[in-house]
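Asker:
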Amino acid sequence: MTAGLGSFVEKGGLLVIELERLLQSQGFGSRAECRALIARGRVTVDGSFCDDPSACFSPEGLSFTVDGVLWPYRRLAYLALNKPAGYECSHRPGQHASIYILLPSPLVKRGVQAVGRLDQDATGLLLFTDDGAFIHAYTSPRKLVPKVYEVVTRHLVDDAQVAALLGGLELHRETKPVAAVACCRLSERRLRLTLTLGKYHLVKRMVAAAGNRVESLHRLAIGGFILPPALAPGAWMWLAESDLDLLARRVPDSSDKNWPA
Ligand code: URA
0 MTAGLGSFVE
10 KGGLLVIELE
20 RLLQSQGFGS
30 RAECRALIAR
40 GRVTVDGSFC
50 DDPSACFSPE
60 GLSFTVDGVL
70 WPYRRLAYLA
80 LNKPAGYECS
90 HRPGQHASIY
100 ILLPSPLVKR
110 GVQAVGRLDQ
120 DATGLLLFTD
130 DGAFIHAYTS
140 PRKLVPKVYE
150 VVTRHLVDDA
160 QVAALLGGLE
170 LHRETKPVAA
180 VACCRLSERR
190 LRLTLTLGKY
200 HLVKRMVAAA
210 GNRVESLHRL
220 AIGGFILPPA
230 LAPGAWMWLA
240 ESDLDLLARR
250 VPDSSDKNWP
260 A
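Per numbering that gives the first Met the number 0, the very first residue in the sequence shown carries number 0; after that it's consecutive.
#1: Taking Lys108 as part of the alpha helix (DSSP H), name the residues at either end of that continuous run.
#2: Report yes if the C-beta of Ala121 is less than 6 Å from at least one heavy atom of ligand 1; otherwise report no.
#3: Rounded to whole angstroms, what's the CA-CA distance from Lys82 to Gly233? Just pull it up for me.
#4: Count the other C-beta atoms from every protein chain shown that fall within 10 angstroms of the C-beta of Asp255, then say buried if there are 16 or more, exposed otherwise.
#5: Please classify Val8: does DSSP put it in a helix, a strand, or coil?
#6: Return the CA-CA distance between Ser215 and Arg249, expressed in angstroms with no decimal places.
#7: Take the Cβ of Met0 as the centre, count every other Cβ of all protein chains shown within 10 Å, and call the residue buried at 16 or more, exposed below.
#8: Rank Gly26, Phe48, Leu101 and Tyr72 by C-alpha distance to the C-alpha of Val15 and give the top, closest one.
#9: Please state whether the Cβ-Cβ distance between Leu226 and Leu219 is less than 7 Å.
#10: Pairs of beta-carbons, one from the segment 180-197 and one from the segment 152-159, closer than 8 Å: are there three or more?
#11: At a cut-off of 6 Å, is Val284 close to ligand 1 when judged by its beta-carbon and the heavy atoms of the ligand?
#12: Would you give the residue range spanned by the beta strand (DSSP E) that Glu214 belongs to?
#13: Once the 5 residues before and after Leu75 are set aside, which same chain residues still bring their CB inside 7 Å of it?
#14: Verify whether the separation of the beta carbon atoms of Ile134 and Val114 is less than 7 Å.
#15: Please state if the CB of Val65 and the CB of Val42 are separated by a distance shorter than 7 Å.
#16: Give the straight-line distance between the Cα atoms of Cys182 and Ala162, rounded to the nearest whole angstrom.
#17: Compare the Cα-Cα distances from Ala38 to each of Phe56, Leu125, Glu19 and Cys55 and report the closest residue.
#18: May I ask you to check if the CB of Leu192 is nearer than 6 Å to at least one heavy atom of ligand 1?
#19: Can you list the beta strand (DSSP E) stretches of 3 or more residues lying completely in the segment 179-246, in chain order?
#20: Per DSSP, Ala96 is paired with what?
#21: Quick check: the Cα distance between Ala121 and Pro105, rounded to an integer number of angstroms?
#22: If you count every other CB in all the chains shown that lies within 10 Å of the CB of Asn344, and 16 or more means buried, which is it?
#23: Leu125 and Leu69 - do their beta-carbons sit closer together than 7 Å?
#24: Grouping DSSP H, G and I as helix and E and B as strand, with all else coil, what is Val161?
#25: In the DSSP assignment, find the unbroken alpha helix (DSSP H) run with Thr174 in it and report its ends.
Written as structure tokens, this is what we have:
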């Protein structure tokens, strides 16, 4: 259980929160566990030790450490992970490791969830948040959020396949043909595809329906947010306001061969 909005009180015109409740809201355990962490001197706030669990702080812009690890306070957490292959987007994976073991435990404890899914063998940009409205906005089929994928194919990509991907393909269990909003052949066996739907195995099903087969699949971008090249496979980062703004934008023309340069 994390601390809710009711944990805030007004002091001198500012909304403040007790340190034990602040840590609880950030995924550091129950209120009693957070109180014990603080009382044992394992916490600093904005650079100073604080062993008083009831000390009140205005949380916006605050940073704290627990056992020397620095954390920014975030009312809601938004993260990007560079997903490696071999992880399932599930808390109860079947055959492979859970993607959640790649995140620090306070983030998992505070309830961040993957925003949509990538297949076990797919790599690249995967978002996480504990903001339910954000998850809805980015996974609802009605919102048409563009996602850019790079695909390595088993067979040579020909013009007919590119035309079919752009023109729309009949897929099993889909009521309407599904088309890519952009499709660019990068080399003989490499495609860049932009899709706005987020259905189960969609890229693999579309490429198969076009007469080819996906050998590897990497998500490069969601909206206008491009996976930062410096984010190594398996690494995660906080998303800043400016990243959230980029996510909400449309992808700059990904049918350009030089995109995203
Ligand atoms: N399409 C797929 O086939 N797999 C993914 O992981 C994402 C999109």
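Idealized CB from N, CA, C, for every residue including glycine.
Answerer: Short version:
#1: Residue mapping note: residue 108 aligns to position 109 of the sequence shown, counting from 1. Start and end: Ser104 to Lys108.
#2: One-based indexing of the sequence shown puts residue 121 at position 122. Ala121 Cβ: within cutoff of ligand 1.
#3: Residue 82 sits at position 83 when you count from the first residue of the sequence shown. Residue 233 sits at position 234 when you count from the first residue of the sequence shown. Their backbone Cα atoms lie some 6 Å apart in a straight line.
#4: The count along the sequence shown starts at 1 and reaches residue 255 at position 256. Asp255 should be labelled exposed.
#5: Along the sequence shown, read from residue 1 onward, the residue named residue 8 stands at position 9. Correct three-state label for Val8: strand.
#6: For the purposes of this step, residue 215 is taken as residue 216 along the sequence shown, with counting starting at 1. For the purposes of this step, residue 249 is taken as residue 250 along the sequence shown, with counting starting at 1. Cα to Cα, the separation comes out at about 25 Å.
#7: Taking the first residue of the sequence shown as position 1, residue 0 is located at position 1. Because Met0 sits at a pLDDT of 45, beneath the cut-off of 50, its placement in the model cannot be relied upon, and the point is left open.
#8: Your numbering for residue 15 matches position 16 in the sequence shown. Measuring from the Cα of Val15, the nearest candidate turns out to be Tyr72.
#9: Counting from one through the sequence shown, the residue named residue 226 turns up at place 227. Counting from one through the sequence shown, the residue named residue 219 turns up at place 220. Yes; because the gap between Cβ atoms is below 7 Å, this pair is in contact.
#10: yes
#11: The shown model of the chain, from 0 to 260, leaves out residue 284, and the question about it has no answer.
#12: Reading the sequence shown from its first residue, position 215 is the one you call residue 214. Val213 to Ile221 is the span of the beta strand (DSSP E), which, as asked, contains Glu214.
#13: In the sequence shown, residue 75 corresponds to position 76, counting from 1. Excluding sequence neighbours, Leu75 sits near Thr128, Asp129 and Asp130.
#14: If you number the sequence shown from 1, residue 134 lands on position 135. If you number the sequence shown from 1, residue 114 lands on position 115. Result yes, Cβ atoms of Ile134 and Val114 sit closer than 7 Å.
#15: As a working note, residue 42 is residue 43 in the sequence shown. As a working note, residue 65 is residue 66 in the sequence shown. In contact: Val42 and Val65 (Cβ atoms closer than 7 Å).
#16: For this step, residue 182 is matched to residue 183 along the sequence shown. For this step, residue 162 is matched to residue 163 along the sequence shown. C-alpha separation (whole angstroms): 9 Å.
#17: Stepping through the sequence shown from its first residue, residue 38 is reached at position 39. Considering only alpha carbons, the answer is Glu19.
#18: Indexing the sequence shown from 1 puts residue 192 at position 193. Outside the cutoff, so no.
#19: 181-186, 189-194, 213-221 and 235-237
#20: What you label residue 96 is simply residue 97 of the sequence shown in a count that begins at 1. Note: Ala96 sits in a beta bridge opposite Tyr86.
#21: To locate residue 121, count along the sequence shown from 1; it is residue 122. To locate residue 105, count along the sequence shown from 1; it is residue 106. So the two alpha carbons sit approximately 26 Å from each other.
#22: Because the chain is modelled from 0 through 260, residue 344 falls outside the range shown and cannot be assessed.
#23: Taking the sequence shown and counting its residues from 1, one reaches residue 69 at position 70. Taking the sequence shown and counting its residues from 1, one reaches residue 125 at position 126. No, the Cβ-Cβ distance between Leu69 and Leu125 is not below 7 Å.
#24: Position 162 of the sequence shown holds residue 161. If DSSP states are grouped into helix, strand and coil, Val161 belongs with the helices.
#25: Position 175 of the sequence shown holds residue 174. Segment: none, Thr174 is in no alpha helix (DSSP H) and carries neither H nor E.
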